[in-house]
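J.:
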Amino acid sequence: MSGNGEAERRHRDNQEPDYRGPFERDRDRVLYSSAFRRLAGVTQVAAVSEQRVLHNRLTHSLKVAQLGRRIAQHVEFGQRDLAGRIGVNPDVVETAGLAHDLGHPPFGHIAESVLNDKVKAIPGLEGFEGNAQTFRIVTKVAIRRKSHVGLDLTRSSLSAILKYPRTCADGDEGRPERWTDRTRGDKWGAYASEMDDFTWARRDREPHVRCPNAVIMDWADDITYATHDIEDYFRAGMIPLHDLGRDRAELIKQGKKRRAGHQGFDEQLFEQAMVKVLERLNGQGRSPEWETKQNRAWLNEVTTTHITELVDAVYLDGNPAVVRIHEDAQYAVEALKELTWFYVIDRPGLAMMQEGQKRIIGKLFDQLVACLKKDPRSRRVPVMLRELYEDVGPENHADEQARCARAVVDYLCLLTEGQAIDLRERMNGTTRNSMFGAWFH
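So in the UniProt record's numbering, spot 116 of the sequence shown is number 116, and the numbers just go up one at a time.
1. In the DSSP output, what is A190 paired with across the bridge?
2. Measuring only the C-alpha atoms, how far is D186 from R69?
3. Based on Cα-Cα distance, which residue from T95, L115, C413 and N282 lies nearest to P105?
4. Please report the distance separating the alpha-carbon of L310 from that of A111.
5. Please classify P212: is it buried, with 16 or more other beta-carbons within 10 angstroms of its beta-carbon, or exposed?
6. In three-state terms, what does DSSP make of Y19?
7. Starting from the C-beta of R205, find all residues in its chain whose C-beta is less than 8 Å away, skip the five residues before and the five after it, and write them out in chain order.
8. Do you know how far the Cα of A407 is from the Cα of L388?
9. Starting from D391, trace the alpha helix (DSSP H) both ways and give me its first and last residue.
10. Reducing DSSP to helix, strand and coil, say where G3 ends up.
11. Are there 16 or more other CB atoms within 10 angstroms of the CB of H148, so buried, or fewer, so exposed?
12. Grab me the residues of K337's own chain with a C-beta within less than 6 Å of its C-beta, minus the 5 sequence neighbours each way, in chain order.
13. What are the complete beta strand (DSSP E) segments, minimum 3 residues, inside the stretch 341-375?
14. When we look at the beta-carbon of S157 and count the other beta-carbons within 10 Å, is it buried (16 or more) or exposed?
15. Since G130 contacts G174 with CB under 8 Å, what's their CB separation in whole angstroms?
16. Return the CA-CA distance between P17 and I137, expressed in angstroms with no decimal places.
17. Answer with buried or exposed for V119, where buried requires no fewer than 16 other C-beta atoms within 10 angstroms of its C-beta.
18. Could you tell me the boundaries of the alpha helix (DSSP H) in which D152 lies?
19. What are the boundary residues of the beta strand (DSSP E) that includes I325?
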């Protein structure tokens, strides 16, 4: 293995230099992977089958990558020497933004919860975590060459993807003391099965502390999620931007209640942020119809204003320097997110749909594990699942149940929502689709 430092790759010698740098190669590898293309069929909040043109995880990831790059450039522009010393790199942030959702299963967070409950009950496995699955995909599951597993990204890109640089075994160790401390995360981000890759990617870094590029990517993720959800659900007629004032007191009340567990959460600062957001938004959408020219122009303007302010809130501070984000900006993002929670996520329509999605993913997991345990080499098992089972290998797990479960999780996290629904219908005997020309073999 040649090369050194942050541009080093784990599995093969660095290629001869050409017009692309090592971090640009990383970006291209993620962008051209089938795991990335699959995100077009995975939801953010609403199902991808909705007739309205809403963001999915692919369009979300593209925006996170673009915005993350701009934030890194903003930091470089204002504090170039300091940014260079701590390794802020727009290409690396963009790569991490493209990759950050690769491990999320069909149906989003509700499926994560189901898979976590299923996997956690199996001895030898620590549960399911979407961010840990992302790291597993880029280091083990994704296919690029026959000579090695994963995408063989540089150390710097892998570290930036690890926005939760802890394992499940770390417990509460390394959690932030205040929720506004972006240098640490409150989740874990790597399975024990990827411990070698995790240790290699995190070499010479302070335990549990995010690298600067991961902090920037995570902030871009928050901004993008908060702003495009408002656009989506105003367009869908669910967030009444033309008449937000009527719910002001309840929005503030529910927002405070929802964030009561945030360490160091200041209710007064949240209320001030919500009031500012409502004053900017309320009544400006002149009618509930998104399609008017006036509404589209206004919403584009207000989104641009929000993004500009939130990008400007990022700076470097301390010795050694770390990425900081002004506290008022973080409260502003929480206020924006609350609009989606209040008007969309807490509604019965979404709750009922998610109950069905939970059943689909739970039943698929149980049935596929049972199929593998019965005969993992049977031709009746989909080819990709058989190969994933072989790749997991018996040496990595204490028993066959754990091996089968890990392979099934890997398989499910390579499916779109449409594929998951179709597979469930086929296994349940309710499909109307033909057995010929199926998407799996």
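Where is the CB? At the ideal position from N, CA and C, for every residue including glycine.
T.: This is what the structure holds:
1. T167
2. D186 and R69: Cα-Cα distance of roughly 24 Å.
3. Here the closest residue by C-alpha is C413.
4. 30 Å
5. buried
6. coil
7. If we look at R205 and ignore the five residues flanking it on each side, its Cβ neighbours are S159, P165 and C211.
8. 5 Å
9. Where D391 is concerned, the enclosing alpha helix (DSSP H) stretches over V383 to V392.
10. Reliability of the predicted coordinates at G3 is poor, the pLDDT of 39 falling under 50, and the value obtained from them is presented with this limitation in mind. Reduced to three states, the DSSP call for G3 is coil.
11. exposed
12. Counting only Cβ-Cβ distances below 6 Å, and skipping sequence neighbours, we find A226.
13. none
14. buried
15. Contact check for G130 and G174: beta-carbon distance about 19 Å, past the 8 Å limit, so the pair fails to qualify.
16. 26 Å
17. The residue in question, V119, is buried, as its Cβ has 16 or more Cβ neighbours within 10 Å.
18. D152 -> no alpha helix (DSSP H), and no H or E assigned at all.
19. Note, I325: beta strand (DSSP E), V322 to I325.
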